[in-house]
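Peer 1: Protein sequences appear in the order of chains A and B. The number in our numbering is simply the position in the first sequence, starting from 1, with 58 added. The number in our numbering is simply the position in the second sequence, starting from 1, with 58 added. Glycine is no exception: its CB is placed at the ideal position from the N, C-alpha and C atoms. Here the structure is a predicted model, which is why all the values come from computation and not from measurement. The structure that follows is given in the form of structure tokens.
Number of protein chains: 2
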Amino acid sequence: MERRNTKTKEAVLEVLSKTGKAMSREAIENKIQTDINRATVYRVLNRFCDDGILHRVVADNGKQYFAICTNCEDKAMAGNHFHFRCLNCETIECLPIPVDFTPPSGYLVSGVNCVLSGTCKDCAA
Amino acid sequence: MERRNTKTKEAVLEVLSKTGKAMSREAIENKIQTDINRATVYRVLNRFCDDGILHRVVADNGKQYFAICTNCEDKAMAGNHFHFRCLNCETIECLPIPVDFTPPSGYLVSGVNCVLSGTCKDCAA
DNA sequence: TTTTTATTGCGACTTATTTGCAATAATAAG
DNA sequence: CTTATTATTGCAAATAAGTCGCAATAAAAA
Ligand SMILES: [Mn+2]
Ligand SMILES: [Mn+2]
Ligand SMILES: [Zn+2]
Ligand SMILES: [Zn+2]
């Protein structure tokens, strides 16, 4: 199932590239001029995640956020990293802090989802 | 607003005490013989969380899980700890592994929600 | 036994995400 | 350039988790 280039995909990727942060479907949609269907945006995001172009974060509000994986190449970001959700400005950022742990013997870890929440630098000032 | 003792509260606490794991509203309800209303169970759980009797974990499936705070007293469990969600048996346990990190300067962390997922010891065997 | 009001049940509601299906359009083929 | 193939989209409906208002119920105190 080869992928095709579409305006929607380009738009979504551009928004996520520019912000550098993790965004919700709604936030992404709002940043795009043209109207794109909700279901379509989700499908595009899910496909990007499948293809390893984006990574998904589930915050403690139960919502999904998507972030581009460019920063993930950084040594500090490699593998899994913490995320920070500002309860004030409602943004989520990828922190350059690796998640470090040693799973109990016998356990097989395939996924990591770590989200800190509080007040971000900007909002704290 | 003083709290009152009710069968529902007792039943919920007993189920959570016995399992020792973190459970979803649904799982808790299924373990209780008598039928209790969904909204009521959520209200009871939320109250327990407010009162510091339970703690809430939001897994990467977006669902909330509740665990009794007895183990939380353990030195290893004090403060925040990792949680593990088995994708096979769909259970969530509190791991005796503290979440360790140093937030970027300027950031104020008020909440921690860390969930590892994969295959648990029992299911891996 | 009566009073006070925390707690419950019920039904409706909200919000996030997914899914079926027919229409549309990107890309390959001729 | 035209046609064929099928990935992608839009729309509406469906799921699913969790919340809320309100009247009825039942702890706990008087
Ligand atoms: Mn990230
Ligand atoms: Mn726990
Ligand atoms: Zn902020
Ligand atoms: Zn398991």
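Do B:C127 and B:L103 have their C-beta atoms within less than 8 Å of each other?
Peer 2: No, Cβ-Cβ distance for B:C127 and B:L103 is not below 8 Å.
Peer 1: Quick one, which of B:K67, B:G137, B:N171 has its alpha-carbon nearest B:K121's?
Peer 2: Cα-wise, what sits closest to B:K121 is B:N171.
Peer 1: Measuring alpha carbon to alpha carbon, tell me which residue in A:K76, A:A97, A:S168, A:C107 is nearest A:E84.
Peer 2: The candidate whose alpha carbon is nearest that of A:E84 is A:A97.
Peer 1: Return no unless some Cβ of chain B is closer than 8 Å to the Cβ of A:S75.
Peer 2: Chain B, which has no Cβ nearer than 8 Å to the Cβ of A:S75, makes this no.
Peer 1: Taking all protein chains shown into account, do 16 or more other C-beta atoms lie within 10 angstroms of the C-beta of A:C144, making it buried, or fewer, making it exposed?
Peer 2: By the 10 Å Cβ count, A:C144 comes out buried.
Peer 1: My assumption, with CB atoms under 8 Å, is that B:N129 sits in contact with B:C152. Please give the rounded CB distance.
Peer 2: Indeed, because the Cβ distance is near 6 Å, the residues count as touching under 8 Å.
Peer 1: Give me the subset of the stretch 157-176 of chain A whose CB atoms are less than 9 Å from a CB atom of chain B, sorted by chain position.
Peer 2: Cβ contacts with chain B: V157, D158, F159, T160, P161, P162, S163, G164, Y165, L166, V167, S168, G169, V170, N171, C172, V173, L174, S175, G176.
Peer 1: Hey, is B:G120's beta-carbon within less than 8 Å of any beta-carbon in chain A?
Peer 2: Judged by the 8 Å Cβ criterion, B:G120 is in contact with chain A.
Peer 1: Whole angstroms is fine: what's the gap from A:K79's alpha carbon to A:Y100's?
Peer 2: Computed Cα separation, rounded: 17 Å.
Peer 1: Taking only three categories from DSSP, how would you classify A:N95?
Peer 2: The answer is coil: DSSP assigns A:N95 none of H, G, I, E or B.
Peer 1: Please confirm if the stretch 152-167 of chain A is in contact with the stretch 163-180 of chain B, defined as three or more CB-CB distances below 8 Å between the two stretches.
Peer 2: Verdict: yes, contact present.
Peer 1: Taking the alpha carbon of B:P156 as the point to measure from, which residue in B:I86, B:F140, B:D132, B:T66 has its own alpha carbon closest?
Peer 2: When only C-alpha atoms are compared, the closest one is B:F140.
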